[in-house]
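To start, the structure itself, in structure tokens.
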Amino acid sequence: MHDVIRVVVLWIVCELEAKENNFFVKAGAQLFEEPDVKIWECAKRMSVMKNNIEVTRETPKCPNLHSLLLSENKLKVINDGFLQFIPHLTVPNLSNNSALQVLPKGISQLISLECLDLSHTAIRELPIELKSLTKLKMLDLSYIPYLRRIPRHMISSFSRLQLFRITSLTRIIQRKTMFLMVVMKIL
Numbered sequence: 064m065h066d067v068i069r070v071v072v073l074w075i076v077c078e079l080e081a082k083e084n085n086f087f088v089k090a091g092a093q094l095f096e097e098p099d100v101k102i103w104e105c106a107k108r109m110s111v112m113k114n115n116i117e118v119t120r121e122t123p124k125c126p127n128l129h130s131l132l133l134s135e136n137k138l139k140v141i142n143d144g145f146l147q148f149i150p151h152l153t154v155p156n157l158s159n160n161s162a163l164q165v166l167p168k169g170i171s172q173l174i175s176l177e178c179l180d181l182s183h184t185a186i187r188e189l190p191i192e193l194k195s196l197t198k199l200k201m202l203d204l205s206y207i208p209y210l211r212r213i214p215r216h217m218i219s220s221f222s223r224l225q226l227f228r229i230t231s232l233t234r235i236i237q238r239k240t241m242f243l244m245v246v247m248k249i250l
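Going letter by letter, the sequence shown gives residues 64 to 250 in my numbering.
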């Protein structure tokens, strides 16, 4: 979305719902760590995209949070407990965090998840436990150059999946080709 349009949309939405404290937006605010949990635990939608957050340290209790936009940060680690008490999360956007290699363990417990964007990350493999995300409608695995493995039958377990993106499988193919060449030389 164009930056000007995004700013106008956020301004209108924030004006309409400011009294209910439904939105917490600190996009592009030059944050180096996630905001204090007490400030945003009542929010329904949260955006801290386009910041410099490298690690999530806290375990927020956000029973109303539906959207969590963490894209375009410098995330390396998402604390395993970070998603534990966000039961209604439907959209976590983790895209464009090029140092993020591992998904937090709690992500497979987010049974309300509908959209999962992991594009432009350094995720190395998808945990088989993701099969429990049966409400998933969108899964974006595009431009994940280090993705080594997608568990067998995982994608087919997403019966509601409407959009599935995947690109940059060249490394996987190259590794398998190199492995086959080595095996052939040994034989």
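By construction, the Cβ of each residue, glycine as well, lies at the ideal position given by its N, Cα and C atoms.
- Closest in C-alpha terms to I213, from the list L189, T197, L224, comes L189.
- The continuous stretches of beta strand (DSSP E) do not include V100, which lies in the alpha helix (DSSP H) extending over residues 100-103.
- One Cα belongs to E135, the other to T184, and the distance between them is close to 10 Å.
- C178: member of the beta strand (DSSP E) spanning 178-180, first to last residue.
- Taking C-alpha positions only, D180 is separated from S158 by approximately 6 Å.
- For L193, the three-state secondary structure derived from DSSP is helix.
- Look at S171 here: in three-state DSSP terms it is helix.
- Contact annotation: L199 and I229 have beta-carbon atoms that are not nearer than 7 Å.
- In its chain, beyond the 5 residues on either side, V154, M201 have a beta carbon closer than 6 Å to the beta carbon of C178.
- Rounded to whole angstroms, the separation of the alpha carbons of K113 and L152 is 20 Å.
- The C-beta of T119 has 16 or more other C-beta atoms within 10 Å across all chains shown, which makes the residue buried.
- The DSSP-derived three-state label of I141 is strand.
- Look at I218 here: in three-state DSSP terms it is helix.
- Each residue's CA atom was taken as its position, placing N160 and L131 some 14 Å apart.
- Short of 8 Å from the beta carbon of G169, and not among the five residues preceding or following it, lie these beta carbons of its own chain, in chain order: D143, G144, F145, L146, Q147.
- Under a 10 Å Cβ-count criterion, N115 is classified as exposed, with fewer than 16 other Cβ atoms of the shown protein chains found around its own Cβ.
- Judged by beta-carbon spacing, K101 lies beyond the 7 Å limit of E117, meaning their Cβ atoms are not closer than that value.
- Distance from the CA of E96 to the CA of L176, rounded to the nearest whole angstrom, comes to 24 Å.
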